[in-house]
Structures are given as C-alpha cells and as structure tokens.
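Asks: Chains as they are written, first to last, in my numbering: chain F, 1 to 125; chain D, 1 to 125; chain S, 1 to 125; chain P, 1 to 125.
Below are the structure tokens for one structure; questions will follow.
Protein chains: 4
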Amino acid sequence: MIPEIGARTWVVPGGHVPFPNHGPEPEFTGFDQLCVLNATDRDAELDLDIYYEDADPVGPYRILVGARRIRHVRVNDLIDPAAVRLDRPYGCVLRSPVPVVVQFLRQDTRLPGVVALTGTMAHPA
Amino acid sequence: MIPEIGARTWVVPGGHVPFPNHGPEPEFTGFDQLCVLNATDRDAELDLDIYYEDADPVGPYRILVGARRIRHVRVNDLIDPAAVRLDRPYGCVLRSPVPVVVQFLRQDTRLPGVVALTGTMAHPA
Amino acid sequence: MIPEIGARTWVVPGGHVPFPNHGPEPEFTGFDQLCVLNATDRDAELDLDIYYEDADPVGPYRILVGARRIRHVRVNDLIDPAAVRLDRPYGCVLRSPVPVVVQFLRQDTRLPGVVALTGTMAHPA
Amino acid sequence: MIPEIGARTWVVPGGHVPFPNHGPEPEFTGFDQLCVLNATDRDAELDLDIYYEDADPVGPYRILVGARRIRHVRVNDLIDPAAVRLDRPYGCVLRSPVPVVVQFLRQDTRLPGVVALTGTMAHPA
C-alpha cells in the first residue's frame, strides 16, 4: 500500500517560451516544460489554465497522465483551446483529480551554439 | 468557486543583477526578475522591500498585479523610491494583500555570446 | 541531541539524462544527479523507483547513505535492476527509512564547449 | 510589527565547488554560494556544518548576518575550522538563532568563455 504522493494544485508564475531558436529540432528547440509524476493507481486528466499579463486566463488545457506514469509536456506544443504564444510572459495553474508532483524546466537556445537551462519545482498550493 | 492559491509573504535572499551585459536590449539584457501570479478576483498592490549587506532596507516598492493576471518585474527596472544598484548583492521580501505565488529568475549575459539562466520558486513565509 | 532533519519520501518528476556528451569524462559527462544528505546517526538504505511515460516503474534501486554523510548519485550510473536509458524522460520517487534531504542537479554537455546546469530541491512528499 | 520570516535550520545536500576556473577574479571565479536574509531586529551568528561522502562532518563555521541585512557567502571562502576543498562533493546544514531564509547558488566557469548557473531555495528543516 503506497501512500498518496504530492498535491492537487500546482503553480508556475514565471513562464516565457524562448524564441527564436537555434539548433536541430526537437532536441534543441527552446521550450518551457511541465513535468508531472502520477504515483497513484488512477489515470488522471489534469486541467491547465494559462494566465497572462494583459488578458484573461485561457483554458482548460487537458493533460493526461497515466497511473504510475510521468508525462513531460512542452508548453509550446499546447494548442487547444488556443496556442500559447512564444516570447510572451505567462503563468499557469495545474489542477489534478489525484495527488501529483510537478516540476518546471526551461531550455533557451536563442543564441547559436548555446544552451541555457533553468527550472524549479512548481509551487504546491 | 476557486480556492485561494499561494501565500501573502515571499522571500528571495540571493539577488544580484548581473552587470555589464552583452547583446541586444531588452531580450539579452541581464536581469533579476520577480514573477507573480495572482489567481484571485482582486487586483493587488504588493509591497517589495530590498535588503542589503551594508545598509538599511529600502522600500516599499509598489508592484501592481491585476486580478487573474501575472506580472514579470525586472528588479533592474525598479527606481522608486530608489534605483536598485546593479552588480550589488541584495535580497527581498514581497508582501501581498491577497495570496499570490512568486518565482525568481536571473539572466546573465556578462560574457559575449553566452546566456546563463538560474531561478527558483521564492520562499513562502 | 540533533533533531531529525528532512523527510522520508522525495520526488523528482523531470528526469532526462542528456545525451550525447562532449568533453572529458567524468567531469564533463552529461548527467542527472540525486544528492542526499543524511544528518542522522543511522546508516540508511534508500529505495529509488524510476517512473516512465510509456512503461511500468522500475525498481527498487538501492542507494546507501552513511550516518552523518552525503551521497551524490548520477542516475546514469544506476544499472541494477536495469540501466536507466539515456535521452529518455523519467521521474523518480526516493524512499528512506530515516529523514533525509534530497536535491536534483542536471549537467548538459550536448553542445561542444558548452556546459548547462539546472537543478532544484526535490519535493518532500 | 513585522512577523518573523523563515526557519532556523536549512539544508543543501548538493554542494560541489567547481574547479578549475576561467576568467577574471572574483566575478568569474567558480563558486557555491549561500545567500541568507535576516529580516529580524537581531544580529545573528549562524552555525554551518559541512557534510562529506567519506569523512565526518566539519564545523561549525560561523556566519554573521546583521539585523535586517542579507549576506552572500562563497563556500570556497570558508577556511575556519578548515578550508572546504574544491571539486569535492559536500552538503551542509545551516542553523540560526533567529528565523532566516537561505538560497543556494552555483557559478561554474570551468570552460573558457562559458558561465553556467544553477541554484535553488535551500530546504527548511
């Protein structure tokens, strides 16, 4: 019997997909990424809302994470209900029906021949 | 009905705006950034105090974050009540009348053709 | 009498060992690393489970951390019960019989002459 | 009346001062850094213990942080009771008589013309 691990709401205020990019796709494409771990025995459909500086929030985006699985989602790949624009500040709130853990990662390849990385655990709210 | 998300006080001890910079402004300017997400239905006026190694704290700086909005503020753009000096160690305490979430990000472009990034969720106090 | 420090379960959702690498081994090999601090008076044998996007979790991997010792483990060095494949998304859950603290670090040397670093404290669950 | 901010014990498991370095000192010297913010009205003398993989902990190192001040300490500058060896894995536990907040930062300049940064909030224990 494994105890439940994590929280049901996670927040990342500092989103900003780097653009433009240099280097071969997809491994050197610039991205913001949400990494989710679902240690429970239940498949989970998460709801993601994107917040902006100058517009109402957009969402929910749906992110499926299977039971006892992880999922790494590039924010720049999200298109439904609306593409997340590149090079624009955003934040996000992720809600899950089961406890999960969420980490944020950014890869910046705006300069030729340079990779910059940054990341942090998301904030469990 | 969305529950309140976050905390009212956030702390970043490790501030230091990189200087000098290389590359076009503003996208390659070196910066320290505070990223705030306000998921509540109320506009918020946050108070920021800057702490130094060798002088009394300076503040409050005022940071407005609308209801259901984010705001990414470059510390090097803060000038009232006093500019935050570049290349000088500082820390900060951010206070909000409503729960928010705060992330810290640094971009370092002191070397030509190089971008270095680092960041972390701020500490909710 | 030192109080116990840390938690017994730690989670990292965003694993991905960079590959290929450039530069001399082992100092410039790309890696994901788990850094454990055991401040207690008891040697500890930790269990690590690796979660994937498209397969069942694999584990437990055993990680020994002596009393009043740290241990920095490169995920790419783990081979029993099965090597962790490079360039593949994963997450992990670390369980300890005593309270410990866990930090995650990545070194990316996929581009010649470039080092990228990122990391975060793991999530205590 | 400002409420107390932070915790009295902080942990960083993933220390490792990069070596060798390239670029002018001190701004491009590689370092691990502990950044402390003391928002209280009391000067504080913190005790730092350094943990190793293969030896007993060494300490306490003393770190003074004034009332309503920050302090950024490079671990490679600590010499009493014993210098922290470069290029050697370590972890640390910081204890304070008053609540403080602690952030960890690394600058890696082992490659000529490259700066890599990483950091995280320390773990409050």
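Even for Gly, the Cβ is constructed at its ideal location relative to N, Cα and C.
The model shown is predicted, which means the values in this text are computed figures rather than measured ones.
Have a look at the DSSP bridge pairing and note the partners of D47(P).
Replies: Position 47 of the fourth sequence, counted from the first residue, corresponds to residue 47(P). Answer is R62(P) and R95(P).
Asks: Under 8 Å, with one C-beta from each stretch per pair, do the stretch 28-35 of chain D and the stretch 88-106 of chain D reach the 3-pair mark?
Replies: With the cut-off at 8 Å, the stretch 28-35 of chain D and the stretch 88-106 of chain D touch.
Asks: Would you kindly work out how many angstroms separate the C-alpha atoms of M1(D) and A39(D), rounded to a whole number?
Replies: The residue you call residue 1(D) lines up with position 1 of the second sequence. The residue you call residue 39(D) lines up with position 39 of the second sequence. Summary for M1(D): the model assigns pLDDT 44, below 50, so the residue's position carries little reliability; its value from the coordinates is reported in the next sentence. Answer to the nearest angstrom: the Cα atoms are 12 Å apart.
Asks: To the nearest angstrom, how far is the alpha carbon of I5(F) from that of V11(S)?
Replies: Position 5 of the first sequence, counted from the first residue, corresponds to residue 5(F). Position 11 of the third sequence, counted from the first residue, corresponds to residue 11(S). Approximately 8 Å, taken between the alpha carbons.
Asks: Only counting the same chain, and skipping five residues up and downstream in sequence, which positions put a Cβ closer than 8 Å to that of L117(D)?
Replies: Taking the second sequence and counting its residues from 1, one reaches residue 117(D) at position 117. L105, R106, Q107 and D108, listed in sequence order.
Asks: What separation, rounded to the nearest whole angstrom, lies between the Cα atoms of G30(P) and T120(F)?
Replies: Along the fourth sequence, read from residue 1 onward, the residue named residue 30(P) stands at position 30. Along the first sequence, read from residue 1 onward, the residue named residue 120(F) stands at position 120. Distance between the alpha carbons of G30(P) and T120(F): 22 Å.
Asks: Tell me, please, which residues DSSP counts as bridged to V102(D).
Replies: By one-based count along the second sequence, residue 102(D) stands at place 102. In the DSSP output, where bridge partners are listed per residue, V102(D) has V36(D).
Asks: The beta strand (DSSP E) spanning I70(F) covers which residue range?
Replies: For the purposes of this step, residue 70(F) is identified with residue 70 of the first sequence, where counting begins at 1. Residues R69 to R74.
Asks: Measure from the alpha carbon of R88(P) to the alpha carbon of each residue in R74(P), D47(P) and V17(P), then state which is nearest.
Replies: Position 88 of the fourth sequence, counted from the start, is the residue given in the question as residue 88(P). Among R74(P), D47(P) and V17(P), the Cα nearest to that of R88(P) is on V17(P).
Asks: Spatial neighbours of P112(S) within its chain, please: CB distance less than 7 Å, with the 5 preceding and 5 following residues excluded, ordered by chain position.
Replies: Here residue 112(S) refers to the residue found at position 112 when the third sequence is read from its first residue. These residues qualify, in order along the chain: H22.
Asks: Just the C-alpha distance for R85(S) and P20(S), rounded to the nearest angstrom, thanks.
Replies: By 1-based counting over the third sequence, the position of residue 85(S) is 85. By 1-based counting over the third sequence, the position of residue 20(S) is 20. C-alpha separation (whole angstroms): 12 Å.
Asks: 9 Å is my cut-off, CB to CB: does P97(F) come that close to chain D?
Replies: Counting from one through the first sequence, the residue named residue 97(F) turns up at place 97. No, P97(F) does not count as interfacial toward chain D.
Asks: Going by DSSP, what residues sit across from T118(S) in a beta bridge?
Replies: Counted from its first residue, the third sequence places residue 118(S) at position 118. Answer is R106(S).
Asks: In the DSSP assignment, find the beta strand (DSSP E) that holds A83(S) and state where it starts and stops.
Replies: Numbered from its first residue, the third sequence carries residue 83(S) at position 83. Careful: A83(S) lies outside any beta strand (DSSP E) and carries neither H nor E.
Asks: Rounded to whole angstroms, what's the CA-CA distance from D56(F) to R8(P)? Just pull it up for me.
Replies: For the purposes of this step, residue 56(F) is identified with residue 56 of the first sequence, where counting begins at 1. For the purposes of this step, residue 8(P) is identified with residue 8 of the fourth sequence, where counting begins at 1. Each residue's alpha carbon lies about 40 Å from the other.
Asks: Are the C-beta of H22(F) and some C-beta of chain D separated by less than 9 Å?
Replies: Here residue 22(F) refers to the residue found at position 22 when the first sequence is read from its first residue. So no, H22(F) is outside the interface.
Asks: To the nearest angstrom, how far is the alpha carbon of H123(D) from that of L64(S)?
Replies: Position 123 of the second sequence, counted from the first residue, corresponds to residue 123(D). Position 64 of the third sequence, counted from the first residue, corresponds to residue 64(S). Whole-angstrom Cα-Cα distance: 30 Å.
Asks: Comparing alpha-carbon positions, which option in R71(D), Y51(D) and D41(D) lies nearest E53(F)?
Replies: Walking along the first sequence from the start, residue 53(F) turns up at place 53. The shortest C-alpha separation from E53(F) is found at R71(D).
Asks: Around the Cβ of P13(P), are there at least 16 other Cβ atoms within 10 angstroms (buried) or fewer (exposed)?
Replies: Here residue 13(P) refers to the residue found at position 13 of the fourth sequence. With 16 or more other Cβ atoms within 10 Å, it is buried.
Asks: Starting from V17(S), trace the beta strand (DSSP E) in both directions and tell me its first and last residue.
Replies: To locate residue 17(S), count along the third sequence from 1; it is residue 17. Segment: none, V17(S) is in no beta strand (DSSP E) and carries neither H nor E.
Asks: I believe G66(F) touches D80(F) by the beta-carbon criterion, under 8 Å. Please report the beta-carbon distance rounded to the nearest angstrom.
Replies: Within the first sequence, the letter at position 66 stands for residue 66(F). Within the first sequence, the letter at position 80 stands for residue 80(F). Between D80(F) and G66(F) the Cβ distance is about 20 Å, and since that is not below 8 Å, they are no contact.
Asks: Could you pull out every residue in the same chain whose Cβ sits closer than 7 Å to the Cβ of P99(S), ignoring the five residues on either side in sequence?
Replies: Here residue 99(S) is taken as the residue at index 99 of the third sequence, counted from 1. Around P99(S): E4, I5, G6, A7, R8 and T40.
Asks: For a cutoff of 9 Å on Cβ pairs, would you count L34(F) as touching chain D?
Replies: Here residue 34(F) is taken as the residue at index 34 of the first sequence, counted from 1. Closer than 9 Å: no.
Asks: Between which residues of its own chain and P97(P) is the CB-CB distance below 6 Å, once the five residues before and five after are set aside?
Replies: For this step, residue 97(P) is matched to residue 97 along the fourth sequence. Once the five neighbours on either side are set aside, the close Cβ partners of P97(P) are A44.
Asks: Who are the near neighbours of R69(S) in its chain, counting only those whose CB is closer than 7 Å to its CB and skipping five residues on each side?
Replies: As a working note, residue 69(S) is residue 69 in the third sequence. Here the set comprises N38.
Asks: When Cβ atoms are compared, which residues of the stretch 55-89 of chain P fall closer than 7 Å to chain S?
Replies: So the close ones are D56, P57 and P89.
Asks: In chain order, what residues of the same chain have a beta carbon less than 7 Å from the beta carbon of P60(S), not counting five sequence neighbours either side?
Replies: Reading the third sequence from its first residue, position 60 is the one you call residue 60(S). D47, L48 and D49.
Asks: Who pairs with P124(F) in a beta bridge, going by DSSP?
Replies: The residue you call residue 124(F) lines up with position 124 of the first sequence. DSSP, once it has assigned bridges, lists W10(F) as partnering P124(F).
Asks: Roughly how many angstroms separate the alpha carbons of R28(F) and R110(P), rounded to a whole number?
Replies: The residue given as residue 28(F) occupies position 28 in the first sequence. The residue given as residue 110(P) occupies position 110 in the fourth sequence. The sequence shown places Phe at residue 28(F), rather than the Arg named in the question. Spanning the two alpha carbons is a distance of roughly 23 Å.
Asks: Beta-carbon within less than 6 Å of V58(F)'s beta-carbon, same chain only, minus the 5 sequence neighbours each way: which residues are those?
Replies: Within the first sequence, residue 58(F) is the residue found at index 58, counting from 1. The residues are I50 and A82.
Asks: Residues bridged to F28(F) by DSSP?
Replies: Position 28 of the first sequence, counted from the first residue, corresponds to residue 28(F). Answer is none; F28(F) lacks a bridge partner.
Asks: Contact criterion: CB-CB distance below 9 Å. Does T9(S) meet it with respect to chain D?
Replies: Stepping through the third sequence from its first residue, residue 9(S) is reached at position 9. So, not an interface residue.
Asks: In chain P, which residues lie less than 9 Å from V93(S) when you measure between Cβ atoms?
Replies: Locating residue 93(S) in the third sequence gives position 93, where the first residue counts as 1. The contacting residues do not exist; V93(S) stays about 17 Å from chain P at best.
Asks: For V101(D) and A125(F), which I take to be in contact (beta-carbon distance under 8 Å), what is that distance rounded to the nearest angstrom?
Replies: Along the second sequence, one-based indexing puts residue 101(D) at 101. Along the first sequence, one-based indexing puts residue 125(F) at 125. Going by Cβ atoms, the distance from V101(D) to A125(F) rounds to 7 Å, so yes, they are a contact pair.
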